[in-house]
Structure formats: structure tokens, C-alpha cells
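**Student:** Read left to right, the sequence shown gives residues 1 to 389 (full-length UniProt numbering).
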Amino acid sequence: MEGRSEALSSPGGRILAVMGTFFVVLLLVLVLLLSLVHHSITYLGPARDGPDGARSCFGRCDTEHDGRFPCQCDDGCLIRGECCMDFYLSCDGSSGSTVARDFFSFVVGWIRDSYHSFLGPVTDDELRAFAEFLLEMDQNNVGRLLKVNLQGHISETGEDAAPGPLFAGKLPDEVVSIETVSKMMALFNNYKPNTTEPENETSEEKMWQSFLDSVISTPIVKSAHNFLVQKGAIQDDEAAFEARLRAMWFDMYPRVNGTSPGSSGFEHVFMGEQRTNSVIGFHGWLFFYAQEQQGRMDYLGYKAFRNLTDKGILLENSFNWDGKKKPISSMFIGASPELEMALFTVCFVARPGLSCPIRLGGEGLHVETHVMEYAGESHVGTAFFNISG
Numbered sequence: 001m002e003g004r005s006e007a008l009s010s011p012g013g014r015i016l017a018v019m020g021t022f023f024v025v026l027l028l029v030l031v032l033l034l035s036l037v038h039h040s041i042t043y044l045g046p047a048r049d050g051p052d053g054a055r056s057c058f059g060r061c062d063t064e065h066d067g068r069f070p071c072q073c074d075d076g077c078l079i080r081g082e083c084c085m086d087f088y089l090s091c092d093g094s095s096g097s098t099v100a101r102d103f104f105s106f107v108v109g110w111i112r113d114s115y116h117s118f119l120g121p122v123t124d125d126e127l128r129a130f131a132e133f134l135l136e137m138d139q140n141n142v143g144r145l146l147k148v149n150l151q152g153h154i155s156e157t158g159e160d161a162a163p164g165p166l167f168a169g170k171l172p173d174e175v176v177s178i179e180t181v182s183k184m185m186a187l188f189n190n191y192k193p194n195t196t197e198p199e200n201e202t203s204e205e206k207m208w209q210s211f212l213d214s215v216i217s218t219p220i221v222k223s224a225h226n227f228l229v230q231k232g233a234i235q236d237d238e239a240a241f242e243a244r245l246r247a248m249w250f251d252m253y254p255r256v257n258g259t260s261p262g263s264s265g266f267e268h269v270f271m272g273e274q275r276t277n278s279v280i281g282f283h284g285w286l287f288f289y290a291q292e293q294q295g296r297m298d299y300l301g302y303k304a305f306r307n308l309t310d311k312g313i314l315l316e317n318s319f320n321w322d323g324k325k326k327p328i329s330s331m332f333i334g335a336s337p338e339l340e341m342a343l344f345t346v347c348f349v350a351r352p353g354l355s356c357p358i359r360l361g362g363e364g365l366h367v368e369t370h371v372m373e374y375a376g377e378s379h380v381g382t383a384f385f386n387i388s389g
């Protein structure tokens, strides 16, 4: 006690005491103001219209905790600091006074958010929950419409374990008529897979822009944008977001030092690139299908896979493309272009150059990304699903 009294009586101790008191008073004032407007401080997901909205309690009051949703509407959400923003308006709150409830929710959320600030704007659990949420809302997923023949497991010797093609037959009209699918497949025409060969961006710019416009207009990518905005990872500006997507995915850069710009994130990931005796990138199932149809692709078998039933298959496989081998690659067969671009973009922004934990169909896995810096911009060097690692 004597030591404590001496500390408080010293000038430094008195200053600390005053500062501490001021901080507590300021915190209480903020709490009261926030309570009066019935605001919940927490937000873990994207805005979405309708009764199934991710951050809305409309139609979800008195339901149990559901990990598929990034914010909750059960009574326990107050304790966990996970309530949706309209919890009080939609569900009439729970027992106890509004001020007390808001105070407790605020304190829990403030402590949690302070801890999260040391980890970054987006936590691992939020990434997992958001990926699962996007998969559930992907209206253009076509996994249920595809016929896939996985055949044999690749051997250590690298022998062909798949005498037949991966895709059985042609894609149904229901698949190729999807706007984002058809516009992506149109980009396959006149594509140059050589990373050192410069490309004429002007002649293809309208096609790239048309595809980008169609992707940005989807609920999936809008949700990804809103998620990153709400987590403080990017600014709330649609034009700036489109410009960033274009730079990340479509602006050209040299993949080999001393060469002209001949590569882009989109071409590397969703199509593929060739070097003298090897293949790099190539994580797009639609391009894989197109190359099989042209007789340029030889599927050699699988290393690992995750069957997501009607949502498709996460596959690690080996193949020869134009006679050049890629020992291991991965793709999400059945996913829409907008889902893959949204997942890769979120991970590229939230975990650039790092393993990004996600969950799809209850299966835990990671997205791996690599950043390429060129002309003052950060471009996608690669992005792919790490299924077995």
C-alpha cells in the first residue's frame, strides 16, 4: 500500500491517474451515445438484401448460432459480440435494459476488436466463414451439371494414371449460357501462353473489360468488396475497387526479368502459361476443359480431391499441356468465375503472399497467393487452392 501511495502522489503517478480517469469517462460517454442509437459495434460479413441477408436478423430471430453466417441473431450473440447490426430492431433485443445490453456488447466487441487489430483487419475465422458464405450464395455454381472422370491416383514414377479425359462430353448449354462463363471462355481465343511474348492489350481490352464488368456486377464480388470495406482492408469506392481489380488481375507485367510485359494474374491463374519445358499457373477448370476439347490437354490423374457433392470438386492433379508437364496443379471444378475471383481477391488483399485459411462445403483448406510488384502496382503473381497441404 505504501508503494502504491507513493506512486500515486508522484507527479507521474498523478498524470497517469488523471489520464486513466479521462479515458474511462470518455469510454462511458461513447458507450452511452452508441447505446442511444442502438448500434451494435460488431460486423463480420457483407451487406445483402433480403430475408437471408448475411448481416440482417430479418427472418433469423430466435434461431440457434449458425456458423455459416458471419453475424448472429441468437441470445448468446451479445455475450460473444457477434450480433448483426439490426439485432435490436428486428429481434427486439433480449432481457435487460437496452443501455446495459449495448454496454456489454460494446465492451466485448471492443476487447475483441482490439485483439484482432494486432492480427490484421480480418481474422482467420472470418475468412473461413466468409468463404463458406460465398459458396452458399453462388447461384452460378455448376458442379451438379458436370460429369468428371477422376480415374487413377498419380504414381511416384509419374506414369499416366488416367487413360481418358477428365471431362466427359461437352458442357451443357445451361453452363455455357451463364454470362460470366461465356465471357470468360471468349477470352480463351487468341490467348498466347508464352510468358516472354508481348501481347497487344488494346485489341483485347474491350473483351477484358466486358468480362470484368460482368463479374463486378455479381452479388458474389459485390459481397467480397463490401466485406473488405467493412473490415477496413480497402476503401469504400466502387470505381477504385474496379481499378484495383483491373491492376491486380489484368494489367500486364514481365514474369521474367529483362522481357516485355507478357503476363497477367488472370492469364496465369485462370488459364496458364508455358516456359521452354514447363507449365506454370493453370488453375482454371474452364480453360482445362477447353484445352481438352482441342486435344491439347492430357490429364494424368489426381493427387488429392475434396468432393463437395453438388457444389463440385476441389482437385489436385497432374497433366501435360502441349507436351509440357505440370506435375501438380489444383482447381475448383464447378465454381463460377466470380466465386474464384472473389475468394482469390479477398485472400490476396487480406493475406498477401501468405496462406489464407478458408472453408468450403465444410472442408478446411488454404488459398496461396504471391504478389508481383511492377510499375508501382501490386499484381497477382499466382493464386490457387492448396488442397492437400
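A virtual CB, placed ideally from N, CA and C, is assigned to each residue, including glycine. The model shown is predicted, which means the values in this text are computed figures rather than measured ones.
Label T369 either buried or exposed according to how many other C-beta atoms from any shown protein chain fall within 10 Å of its C-beta, with 16 as the threshold for buried.
**Tutor:** When all chains shown are included, T369 counts as buried.
**Student:** Report the partner residues of M297 according to the DSSP bridge assignment.
**Tutor:** M297 pairs with W321.
**Student:** Taking contact to mean 3 or more Cβ pairs, one atom from each stretch, closer than 8 angstroms, check whether the region 295-302 and the region 339-349 are in contact.
**Tutor:** The region 295-302 is not in contact with the region 339-349.
**Student:** Which value, in whole angstroms, describes the spacing of the CA atoms of V181 and E82?
**Tutor:** In a straight line, the C-alpha of V181 is about 36 angstroms away from that of E82.
**Student:** List the DSSP bridge partners of C356.
**Tutor:** BP columns for C356 point to V367.
**Student:** Contact defined as beta carbons within less than 8 angstroms: I believe N141 pairs with G312. What is the distance between those atoms, to the nearest angstrom?
**Tutor:** That belief holds up - the Cβ atoms of N141 and G312 are roughly 7 angstroms apart, short of 8 angstroms.
**Student:** Which one of D310, A243 and M341 has the shortest CA to CA distance from G334?
**Tutor:** Nearest option by C-alpha distance: D310.
**Student:** Could you tell me if C61 is buried or exposed, where buried requires 16 or more neighbouring beta carbons within 10 angstroms of its beta carbon?
**Tutor:** With fewer than 16 other Cβ atoms within 10 Å, it is exposed.
**Student:** Considering only C-alpha positions, which residue in the set L360, K231, L146 and M331 is nearest to A383?
**Tutor:** Looking at the Cα atoms, M331 is the closest of the given residues.
**Student:** Can you tell me whether D66 is buried or exposed, with buried defined as 16 or more other CB within 10 angstroms of its CB?
**Tutor:** So D66 counts as exposed.
**Student:** Give the DSSP bridge partners of T345, in chain order.
**Tutor:** DSSP output for T345 lists no bridge partner at all.
**Student:** Compute the distance between the beta-carbons of M271 and F287, then report whether it is under 8 angstroms.
**Tutor:** Yes, they are a contact pair.
**Student:** Among F130, M341 and A375, which has the Cα closest to the Cα of Q230?
**Tutor:** Measuring from the Cα of Q230, the nearest candidate turns out to be F130.
**Student:** Buried or exposed: residue 461, going by 16 or more other Cβ atoms within 10 Å of its Cβ?
**Tutor:** This structure gives no information on residue 461, because the portion of the chain shown stretches from 1 to 389.
**Student:** Have a look at I234 and V122 and give me their C-alpha separation to the nearest angstrom.
**Tutor:** I234 and V122: Cα-Cα distance of roughly 12 angstroms.
**Student:** Taking F384 as part of the alpha helix (DSSP H), name the residues at either end of that continuous run.
**Tutor:** F384 -> not in any alpha helix (DSSP H); beta strand (DSSP E) instead, spanning E377 to N386.
**Student:** Are the beta-carbon atoms belonging to V279 and K222 less than 8 angstroms from one another?
**Tutor:** Taking 8 angstroms as the Cβ cut-off, V279 and K222 do not qualify as a contacting pair.
**Student:** Tell me whether V122 sits in a helix, a strand or coil according to DSSP, three-state version.
**Tutor:** It is coil, neither helix nor strand.
**Student:** In the DSSP assignment, the alpha helix (DSSP H) including F250 goes from what residue to what residue?
**Tutor:** Per DSSP, F250 belongs to no alpha helix (DSSP H) and is neither H nor E.
**Student:** If we ignore side chains and look at the alpha-carbon of each, how far apart do R296 and L228 end up?
**Tutor:** Computed Cα separation, rounded: 39 angstroms.
**Student:** Would you mind reading off the limits of the alpha helix (DSSP H) that contains T180?
**Tutor:** Unbroken alpha helix (DSSP H) run through T180: E179 to A186.
**Student:** So the candidates are Q291, A243, E338 and D125; which of them puts its Cα closest to the Cα of L167?
**Tutor:** Leu is not the amino acid found at residue 167; the sequence shown has Phe there. It is Q291.
**Student:** Just the Cα atoms here: how many angstroms apart are D160 and S318?
**Tutor:** About 9 angstroms.
**Student:** If we cut at 8 angstroms on Cβ distances, does A383 have a partner in chain C?
**Tutor:** Checking the listed chains, one finds no chain C in this structure; it contains a single protein chain.
**Student:** Going straight from the alpha carbon of V269 to that of L145, what length do you get?
**Tutor:** About 23 angstroms.
**Student:** Output yes or no for whether 8 angstroms exceeds the beta carbon distance between L315 and D138.
**Tutor:** Contact flag unset, no.
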